[in-house]
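> After the structure tokens below, expect a handful of questions from me.
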Amino acid sequence: MSKAYRVELTDPGKLRTVLGDYLKLGVCPIRATPLPPLMSVVEVELLLPGNRSLLHTGTVIRHSGPYECLVQLSGSLDLALIRQFLEESEEEIARSETTREDDLGEKLPEGTAQGGSIPQDSAARGSAPQESEDIYKQIQSASVPEKQKLARGGNQVVRNLLIRDRMKGIHVFVLMNPRITSEEVTEYSKLAGLSKEAIQMIAGNRVWSSSPQVVMNLVKNPSTPQDLLPTLLRRLGQNQLRILAKSSDVRTQVSALARKMLYS
21 MSKAYRVELT
31 DPGKLRTVLG
41 DYLKLGVCPI
51 RATPLPPLMS
61 VVEVELLLPG
71 NRSLLHTGTV
81 IRHSGPYECL
91 VQLSGSLDLA
101 LIRQFLEESE
111 EEIARSETTR
121 EDDLGEKLPE
131 GTAQGGSIPQ
141 DSAARGSAPQ
151 ESEDIYKQIQ
161 SASVPEKQKL
171 ARGGNQVVRN
181 LLIRDRMKGI
191 HVFVLMNPRI
201 TSEEVTEYSK
211 LAGLSKEAIQ
221 MIAGNRVWSS
231 SPQVVMNLVK
241 NPSTPQDLLP
251 TLLRRLGQNQ
261 LRILAKSSDV
271 RTQVSALARK
281 MLYS
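Position in the sequence shown (from 1) plus 20 gives the number in this note's numbering.
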């Protein structure tokens, strides 16, 4: 067997994505030049946060592109251990950013910091004091890594700003914040500009998706992927399905699926 193919997963955000999309299914994407042949047996080394790594063997089952292939891992992957590494890494990042995000929160208006509503861009620029506007500009001009760290460790003010960030890849990092509340998630699930990945993360969280209001918000959200709609609609009661079936404020796919579930 040749050298192990290394998969860099030291960034918590990337690890969470690969864990949800691939590892939990027992497969792993690898990048290599040249690609190993189909059905060949290879070693895969997962490089995890905290200078940790896991070594597995697997079989190449698909070439996904000129430089990427999919490997079916042999044996059982210790998903619990990987999740533990992920959580430890996110907690460490949150602790390291506490001082910075508290400083940001103190400079923003008290009412905004305590309120559950999400500030609109116009409100943040037009009605907030100059100092608050400066903090808004500071967040908007931050680099992607800085925004990711702020999203994972920031207070509610910072979360409310970054969940509306134009860089949609930041949205999932807000949801990774250990201090995020169910009330915030309920508000975020209404946002039409929410990224597809963030919507999938909310829908896949057992606690958040157990709320009928969150599910209803996601169903009505125009950014929710169509393939998620049947799963979400099955979590709703008959009365909610009737409302959706008759509603003209939702996508035609939503009302059609609701009617189908009611009368099938």
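Quick reminder that beta carbons are idealized off the backbone N, C-alpha and C, glycines included.
Pull up the distance between the alpha-carbon of Thr30 and that of Ala162, whole angstroms please.
By one-based count along the sequence shown, residue 30 stands at place 10. By one-based count along the sequence shown, residue 162 stands at place 142. Straight-line Cα distance between these residues: approximately 22 Å.
> Is Pro32 buried or exposed, if buried means 16 or more other CB atoms sit within 10 Å of its CB?
Along the sequence shown, one-based indexing puts residue 32 at 12. Pro32 should be labelled buried.
> Any idea if Thr201 is buried or exposed, counting beta-carbon neighbours within 10 angstroms, 16 or more meaning buried?
Numbered from 1 along the sequence shown, position 181 holds the residue referred to as residue 201. The residue is exposed, with fewer than 16 neighbouring Cβ atoms inside 10 Å.
> Taking Pro86 as part of the alpha helix (DSSP H), name the residues at either end of that continuous run.
As a working mapping, residue 86 is identified with position 66 in the sequence shown. Note, Pro86: premise wrong, no alpha helix (DSSP H); not H, not E.
> Where do the ends of the alpha helix (DSSP H) carrying Ile219 lie?
Within the sequence shown, numbered from 1, the residue matching residue 219 stands at position 199. Run containing Ile219: 216–224, per the alpha helix (DSSP H) assignment.
> What separation, rounded to the nearest whole angstrom, lies between the Cα atoms of Glu4 and Asn225?
Absent from the model: residue 4. The displayed extent of the chain is 21 to 284, so no value can be given.
> Between the Cα of Leu253 and the Cα atoms of Leu282, Trp228, Ser243, Ser268, which residue gives the shortest distance?
In the sequence shown, the residue the question calls residue 253 occupies position 233. Taking only the C-alpha atoms, the option nearest Leu253 is Leu282.
> Who pairs with Leu238 in a beta bridge, going by DSSP?
Reading the sequence shown from its first residue, position 218 is the one you call residue 238. According to DSSP, Leu238 bridges with nothing at all.
> Do you know how far the Cα of Gly40 is from the Cα of Ile50?
For this step, residue 50 is matched to residue 30 along the sequence shown. For this step, residue 40 is matched to residue 20 along the sequence shown. If you take the alpha carbons of Ile50 and Gly40, they lie about 16 Å apart.
> Does the beta-carbon distance from Glu28 to Leu67 come in below 8 Å?
Position 8 of the sequence shown holds residue 28. Position 47 of the sequence shown holds residue 67. Yes, these two residues count as a Cβ contact at 8 Å.
> Would you mind sorting Leu190 into buried or exposed? The rule is 16 or more other CB atoms within 10 Å of its CB.
Here residue 190 is taken as the residue at index 170 of the sequence shown, counted from 1. Checking the displayed sequence, the identity of residue 190 turns out to be Ile instead of Leu. Ile190 is buried by the Cβ-count criterion.
> Is Ser231 helix, strand or coil when you go by DSSP?
Numbered from its first residue, the sequence shown carries residue 231 at position 211. Ser231: coil per DSSP, three-state reduction.
> According to DSSP, is Arg184 helix, strand or coil?
Translated into positions along the sequence shown, residue 184 becomes position 164. Three-state DSSP puts Arg184 in coil, outside helix and strand.
> Could you tell me the alpha carbon to alpha carbon distance between Ser230 and Pro54, rounded to whole angstroms?
Your numbering for residue 230 matches position 210 in the sequence shown. Your numbering for residue 54 matches position 34 in the sequence shown. Cα-Cα distance, rounded: 46 Å.
> Quick one: using the 10 Å Cβ neighbour count with 16 as the cut-off for buried, is Glu204 buried or exposed?
For the purposes of this step, residue 204 is identified with residue 184 of the sequence shown, where counting begins at 1. Flag for Glu204 reads buried.
> Which residues in the same chain as Leu164 place their Cβ atom closer than 7 Å to its Cβ, once the five residues preceding and following it in sequence are excluded?
As a position in the sequence shown, residue 164 is number 144, starting the count at 1. For the record, residue 164 in the displayed sequence is Val; it is not Leu. Closer than 7 Å at the Cβ level, and outside the excluded window around Val164, lie Met187.
> Grab the span of the beta strand (DSSP E) containing Pro49 for me, first residue to last.
Along the sequence shown, read from residue 1 onward, the residue named residue 49 stands at position 29. 47–51 is the extent of the beta strand (DSSP E) around Pro49.
> Among Glu63, Leu90, Thr206, Arg271, which residue has its Cα nearest to the Cα of Val47?
Counting from 1 along the sequence shown, the entry for residue 47 is found at position 27. Selected option, being the one with the closest Cα: Leu90.
> Looking only at its chain, what residues have a beta carbon closer than 8 Å to the beta carbon of Arg72, apart from the 5 residues adjacent to it on each side?
One-based indexing of the sequence shown puts residue 72 at position 52. So the qualifying residues of the chain are Phe105.
> Tell me whether the beta-carbon of Lys266 lies closer than 8 Å to the beta-carbon of Asn237.
For this step, residue 266 is matched to residue 246 along the sequence shown. For this step, residue 237 is matched to residue 217 along the sequence shown. Result no, Cβ atoms of Lys266 and Asn237 do not sit closer than 8 Å.
> Helix, strand or coil, according to DSSP, for Arg271 in the structure here?
Residue numbering aside, residue 271 sits at position 251 when the sequence shown is read from its first letter. Note: Arg271 maps to coil in three-state DSSP.
> Per DSSP, what are the beta-bridge partners of Ile75 in this structure?
On the sequence shown, position 55 is the one that residue 75 refers to. The sequence shown places Leu at residue 75, rather than the Ile named in the question. Paired residues: Glu65.
> For the candidate residues Lys34, Ala52, Lys44, whose alpha-carbon lies nearest to that of Pro86?
Position 66 of the sequence shown, counted from the first residue, corresponds to residue 86. Minimum Cα distance to Pro86 is reached at Ala52.
> Among the residues of its own chain, which have a CB less than 7 Å from the CB of Ser109, if the five just before and after it don't count?
Here residue 109 refers to the residue found at position 89 when the sequence shown is read from its first residue. Hits under 7 Å: Pro32, Pro69, Gly70.
> Please list, in chain order, all residues of the same chain as Val274 whose beta carbon is under 7 Å from its beta carbon, the five residues on each side excluded.
Counting from 1 along the sequence shown, the entry for residue 274 is found at position 254. Cβ within range, chain order: Val239, Leu249, Leu264.
> Quick test of your reading: Val192 and Glu166, contact by CB under 8 Å. State the CB separation rounded to the nearest angstrom.
As a working note, residue 192 is residue 172 in the sequence shown. As a working note, residue 166 is residue 146 in the sequence shown. The Cβ separation is near 16 Å, so there is no contact.
> Check this for me: beta carbons of Ile102 and Leu43, under 8 Å apart or not?
To locate residue 102, count along the sequence shown from 1; it is residue 82. To locate residue 43, count along the sequence shown from 1; it is residue 23. Going by C-beta atoms, Ile102 is nearer than 8 Å to Leu43.
> Who are the near neighbours of Val222 in its chain, counting only those whose CB is closer than 8 Å to its CB and skipping five residues on each side?
Working through the sequence shown from its first residue, we reach residue 222 at position 202. Here residue 222 turns out to be Ile, not Val, going by the sequence shown. If we look at Ile222 and ignore the five residues flanking it on each side, its Cβ neighbours are Leu195, Val205, Tyr208, Ser209, Trp228, Ser229, Val234, Leu238.
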